[in-house]
Amino acid sequence: MFKEKIDEIDYPEYEIIVDYKGMKRPPVNSPSWQHHQWQILTYSWLRSMQPESRPVLTGILFYLNELSLFKEDLKLLKDEVQDGSTDIMPSANDLNNLLKWNTKLKAPDLSETFKNERSIRFIMTEDKSISNSLNEFDQVVAEIENSIICEVNGKGIKSSWNPNPEKRTCDACDFRTFCKKSESTKNVLRVP
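In short: position in the sequence shown from 1, add 134, done, that's the numbering used here.
So, in structure tokens, the structure goes:
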């Protein structure tokens with residue numbers, strides 16, 4: 135796919151957008167999967183607006199945690215492999231080690247090849263995809279701006295923001311101790 139796009143270009147120079155995430159590769163059915171694509175496509179559009187820019191050929195995302203997965207990440211990966219929600223599936227020994235792994239025991243060793251493949255994601259930059267990402271980005275920005283306006287006007291944090299949490303997002307969020315949608319509030323010790 136990438137090689138074919140390079141072969142099709144008729145200009146001598148091009149650019150590549152590179153970004154990284156300090157997380158595991160998300161499943162293809164998660165909001166993060168789509169948001170990361172929109173982010174790269176938005177960066178591509180922003181770069182194209184600069185006078186000295188060359189055409190942006192593609193975007194590359196590096197998911198750094200794939201190179202050394204935490205045990206919780208491996209549990210999620212096992213689930214994603216079992217339900218088919220990952221785009222980079224293990225094969226041979228990696229598949230066998232992951233599927234037979236008892237999650238209460240030591241994490242299985244996965245091959246460097248598999249870890250490297252999962253750590254890199256290519257996102258093709260095409261006009262239609264860029265246009266769609268800009269529309270989606272505008273909607274996200276509008277939601278954030280509306281929430282800020284509500285909060286500034288005294289509506290309060292709980293009433294102003296409408297989170298759509300994933301457990302791992304909740305674990306990292308500063309509002310987890312009082313957000314009604316957070317799974318984390320169930321584990322918080324409340325002091326009278």
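Glycine is no exception: its CB is placed at the ideal position from the N, C-alpha and C atoms.
Can you tell me whether residue i is helix, strand or coil according to DSSP?
i: Thr220; result: coil
i: Val162; result: coil
i: Leu153; result: Note that residue 153 corresponds to Asp in the displayed sequence, not to Leu. DSSP places Asp153 in strand when its eight states are reduced to three.
i: Asn192; result: The question names Asn, but residue 192 is Thr in the sequence shown. Strand at Thr192.
i: Tyr197; result: strand
i: Leu175; result: helix
i: Asp141; result: helix
i: Ser104; result: Given a span of 135 to 326 for the chain in the structure shown, any question on residue 104 remains unanswerable.
i: Trp295; result: coil
Compute the Euclidean distance between the alpha carbons of residue i and residue j, then round it to the nearest angstrom.
i: Leu175; j: Asp243; result: 34 angstroms
i: Lys289; j: Ala241; result: 46 angstroms
i: Thr192; j: Lys292; result: 39 angstroms
i: Leu195; j: Val162; result: 14 angstroms
i: Pro146; j: Asp153; result: 24 angstroms
i: His170; j: Val275; result: 15 angstroms
i: Pro297; j: Asp141; result: 44 angstroms
i: Leu210; j: Lys238; result: 14 angstroms
i: Thr319; j: Tyr177; result: Because Thr319 carries a pLDDT of 49, less than 50, the predicted location of this residue cannot be relied on, and no value is offered for it.
i: Leu232; j: Ser166; result: 23 angstroms
i: Cys307; j: Glu200; result: 22 angstroms
i: Asn256; j: Ser263; result: A small correction: the amino acid at residue 256 is Phe; Asn does not occupy that position in the sequence shown. Distance between the alpha carbons of Phe256 and Ser263: 14 angstroms.
Under a CB-based cut-off of 7 angstroms, is residue i close to chain B?
i: Glu270; result: This model lacks chain B altogether, as it is built from one protein chain only.
Assuming residue i contacts residue j (C-beta within less than 8 angstroms), just tell me the rounded distance between them.
i: Trp172; j: Ser253; result: Contact doesn't hold; Cβ gap of about 20 angstroms is too wide.
i: Arg120; j: Ile151; result: Any answer about residue 120 is impossible in this case: the structure gives the chain only from 135 up to 326.
i: Tyr148; j: Pro189; result: 5 angstroms
Using only alpha-carbon positions, find the residue among the options that is nearest to residue i.
i: Val250; options: Asp261, Pro224, Asp217; result: Here the sequence assigns Asn to residue 250, which means Val is not the residue at that position. Of the listed residues, the one whose Cα sits closest to Asn250 is Pro224.
i: Ile282; options: Phe271, Gln273, Ser294; result: Ser294
Continuous alpha helix (DSSP H) assignments of at least 4 residues falling wholly in the segment 207-293: 226-233, 246-253, 261-286
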